[in-house]
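Asker: This note's numbering puts the first residue of the sequence shown at 1008, with every later residue one more than the last.
Glycine included, every Cβ here is placed at the ideal spot set by N, Cα and C.
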Amino acid sequence: MAGFDWKSVVSTVAPTLATYFGTPLAGMAVKELCTKFLGDPNATEDQLAAAIQQATPADLIRIKEIDNQFAKDMAELDVKILDIDRQDRDSARKRAADMHDWSPILAGILIYGFYGYVTNRLFTSVLDESIKDVLLPMFGTLTALVIQVSNFLYGSSTGSRLKDKAAGVPK
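#1: Pull up the CB-CB distance for Ile1073 and Leu1040, whole angstroms please, since I reckon it's below 8 Å.
#2: Would you kindly report the start and end of the unbroken alpha helix (DSSP H) that includes Ser1015?
#3: Alpha helix (DSSP H) containing Gly1029: first to last residue?
#4: Pair every Cβ in the region 1061-1068 with every Cβ in the region 1101-1112, then say whether three or more of these pairs are closer than 8 Å.
#5: Could you check how far apart the C-beta atoms of Thr1023 and Ala1058 are, in whole angstroms? I think they sit under 8 Å.
#6: Can you grab the Cα-Cα spacing for the pair Thr1148 / Asp1135, in whole Å?
#7: Note down, in chain order, each residue of its chain lying with its Cβ closer than 6 Å to the Cβ of Ile1091, except the 5 sequence neighbours on either side.
#8: Around the Cβ of Leu953, are there at least 16 other Cβ atoms within 10 angstroms (buried) or fewer (exposed)?
#9: Can you tell me whether Thr1148 is helix, strand or coil according to DSSP?
#10: Secondary structure at Asn1158, three-state DSSP: helix, strand or coil?
#11: Val1153 and Ile1116: beta carbons closer than 8 Å?
#12: With burial defined as no fewer than 16 other Cβ atoms inside 10 Å of the residue's Cβ, what is the status of Met1106: buried or exposed?
#13: Kindly indicate which residue of Leu1067, Asn1049, Asp1095 has the alpha-carbon position closest to the one of Phe1159.
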């Protein structure tokens, strides 16, 4: 089985099940596949990998059907991926708070400070074109970093995604 990544096959064919990989519910997703695809709830991950590696197109369709049913089951249980994401972010924030580490604060000060400096230089100084060619990509990168730091500290636009979903706005 060396070199075969069965999880990438599952993520392509059964994205709902694959979404749970790497979360506390990963075992449940694997057991669902073992039970409904292999017919053995006690099958090992190696047995599942071997079966997926030798899967026929009909087997892949069966995995997709299992994925669809799993998505319905999770919706009925009101287990939402959004809650899992929120818990994951919350645990990262708690870890950062519990560590009492100055690194995030220092990184934030450096990023915001450099962002302010570049913004000031870009909009208040007379610069020749060669300097602007260097500063504009730096400004874009720093803007992205500032957004990421803010999303980590204050949360991302989860509410906005929910609003868009409720309104039927495509992704």
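Answerer: Checking against the coordinates, here is how it stands:
#1: 7 Å
#2: It spans 1013-1020 - the alpha helix (DSSP H) in which Ser1015 sits, taken as one unbroken run.
#3: Where Gly1029 is concerned, there is no enclosing alpha helix (DSSP H), given that its DSSP letter is neither H nor E.
#4: no
#5: About 19 Å separates the two Cβ atoms, so there is no contact after all.
#6: 21 Å
#7: Thr1030
#8: The shown model of the chain, from 1008 to 1178, leaves out residue 953, and the question about it has no answer.
#9: helix
#10: helix
#11: no
#12: Met1106 comes out exposed.
#13: Asp1095
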